[in-house]
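Numbering (our numbering), first residue to last: 279 to 496.
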């Protein structure tokens with residue numbers, strides 16, 4: 279599925295309560311699975327999201343919980359870092375990373391989860407193409423965030439008591455731990471040892487949503 283096709287489908291059902299959008303059976307499944315947003319969107323789009331590096335043929339889907347006004351209630355998961363750790367520690371060019379492939383063309387879908395699941399709804403989606411001129415300043419800041427995070431990861435490994443990476447923040451992006459038991463240590467060929475005892479991931483901070491809404495005048 280192309281990103282624009284998904285955008286059209288999702289905007290057709292924006293602001294419709296889940297009780298009016300899904301069957302009773304689908305709604306019960308949502309409740310049982312604690313409202314996992316990926317599953318919600320698969321139901322809404324009538325598709326299975328790709329398990330390749332991209333959700334769509336030409337872009338990526340990003341979502342998080344928000345209030346009725348679109349104000350984010352949580353950060354936005356981007357991608358795990360274990361497979362790219364040495365790229366980060368060597369600070370390879372931003373545009374050559376699998377991270378950039380995950381964020382250069384995204385469809386952001388806020389999910390309003392206020393009240394019971396029957397009352398939830400998708401809000402209007404926001405298309406962010408970092409190759410468009412209006413997003414150039416955002417792209418530059420994300421590039422700066424990437425460079426900052428790469429530097430911080432090396433700094434943590436070389437100076438922290440445990441020799442591991444730790445939460446690293448840019449303005450709009452961050453890396454922090456994301457794992458569950460049994461934990462998955464991260465091994466670095468650059469350092470020839472484990473640089474974390476659990477997996478970490480990139481996230482967009484809440485400020486990212488505020489910035490794209492500001493750029494688009496929302």
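Backbone N, C-alpha and C fix where the C-beta goes; we use that ideal spot for every residue, glycine too. All values derive from a computational prediction rather than experimental measurement.
Coil, strand or helix - residue i by DSSP
| i | result |
| --- | --- |
| residue 396 | helix |
| residue 340 | strand |
| residue 468 | coil |
| residue 362 | helix |
| residue 421 | helix |
| residue 332 | coil |
| residue 426 | helix |
| residue 368 | coil |
| residue 432 | helix |
| residue 462 | coil |
| residue 385 | strand |
| residue 444 | coil |
| residue 486 | helix |
| residue 437 | helix |
| residue 378 | helix |
| residue 480 | strand |
| residue 474 | strand |
| residue 403 | coil |
| residue 355 | strand |
Same chain only: Cβ atoms within 7 Å of residue i, ignoring 5 sequence neighbours per side
| i | result |
| --- | --- |
| residue 400 | 288, 291, 292, 322, 387, 389 |
| residue 419 | 449, 450 |
| residue 489 | 416, 450 |
| residue 432 | 367 |
Residue from the options with nearest C-alpha to residue i
| i | options | result |
| --- | --- | --- |
| residue 454 | 434, 320, 300, 369 | 434 |
| residue 394 | 364, 439, 308 | 308 |
| residue 417 | 311, 300, 448, 468 | 448 |
| residue 501 | 443, 439, 414 | In the structure as shown, the chain begins at 279 and stops at 496. Residue 501 is therefore absent and cannot be evaluated. |
| residue 495 | 279, 445, 413, 438 | 413 |
| residue 338 | 374, 404, 301, 360 | 404 |
| residue 283 | 333, 300, 302 | 333 |
| residue 438 | 335, 474, 425 | 474 |
| residue 487 | 350, 419, 318, 422 | 350 |
| residue 362 | 493, 466, 302, 318 | 466 |
| residue 470 | 301, 462, 441, 489 | 441 |
| residue 493 | 346, 415, 301, 426 | 415 |
| residue 424 | 375, 311, 318, 411 | 375 |
| residue 299 | 311, 319, 310 | 319 |
6 Å Cβ shell around residue i - same chain, five flanking residues per side excluded
| i | result |
| --- | --- |
| residue 391 | 343, 398 |
| residue 378 | 372 |
| residue 468 | 364, 367 |
| residue 360 | 464, 477 |
| residue 430 | 446 |
| residue 325 | 279 |
| residue 281 | 334, 336, 337, 385 |
| residue 462 | 477 |
Cβ-based neighbour list, residue i, same chain, cut-off 8 Å, excluding 5 preceding and 5 following
| i | result |
| --- | --- |
| residue 353 | 342, 452, 481, 482, 483, 484 |
| residue 396 | 295, 296, 297, 305 |
| residue 285 | 385, 403, 405 |
| residue 356 | 340, 377, 380, 381, 451, 479, 480, 481, 482 |
| residue 498 | Nothing about residue 498 can be reported from this structure: the residues present for the chain run from 279 to 496 only. |
| residue 422 | 448, 449 |
Residue i CB to nearest heavy atom of the ligand PLP below 7 Å
| i | result |
| --- | --- |
| residue 332 | Because no ligand of any kind appears in the structure shown, any question about the ligand PLP cannot be addressed here. |
Rounded distance between the beta-carbons of residue j and residue i, thought under 8 Å
| i | j | result |
| --- | --- | --- |
| residue 523 | residue 407 | No answer is possible for residue 523: the residues shown for the chain start at 279 and end at 496. |
| residue 348 | residue 491 | 7 Å |
| residue 358 | residue 459 | No, residue 358 and residue 459 are not in contact; Cβ-Cβ is about 16 Å, not under 8 Å. |
query = Fully enclosed by the region 290–324, which beta strand (DSSP E) runs are 3 residues long or longer?
reply = Annotation note: the region 290–324 contains no uninterrupted beta strand (DSSP E) run of length 3 or greater.
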